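Numbering (full-length UniProt numbering), first residue to last: 1 to 141.
As structure tokens, then:
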């Protein structure tokens, strides 16, 4: 159990929330983006018109990237990792020369991977996909 969200919210509560979101939006993916090591707050979801997934995103402990104002997202199932990176990049203040990387279970998923495939392979038992981000490569951190 790596994230602050997982440690601070009981599995039963997280699972109930994941099931509620999946039942209400069966065509959507729950995503939580949390800054790894500097675990954030549970924030509001973003809803779209396409299939969505819950993702929680956390910042890497060694990252100098700014904290996200939102950690929990509901994203379209056809969104790719690269498109998510673009959307998140718009929410944080990075210099143009700074890159932003996303990790799932300490692995760097290909930017062309649909989040639906990443979700199906890596979501937790609470039905959330946990991702970390960094403005520098911390592969294996």
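Glycine is no exception: its CB is placed at the ideal position from the N, C-alpha and C atoms. Quick caveat: nothing in here was measured; it's all calculated off a predicted structure.
- Distance from the CA atom of residue 30 to the CA atom of residue 56, rounded to whole angstroms, is 8 Å.
- Secondary-structure assignment with DSSP links residue 66 through no beta bridge to anything.
- With a cutoff of 8 Å on beta-carbon distance, residue 93 and residue 66 are scored as near each other.
- The Cβ atoms of residue 110 and residue 81 sit closer than 8 Å to each other.
- By the CB criterion at 8 Å, residue 108 and residue 88 fall outside the cutoff.
- Excluding the 5 residues flanking it on each side, residue 132 has same chain C-beta neighbours closer than 6 Å at 36, 58, 60 and 103, in chain order.
- A straight-line Cα-Cα distance of about 6 Å links residue 18 and residue 128.
- For residue 77, the closest alpha carbon among the candidates 100, 86 and 113 is that of 113.
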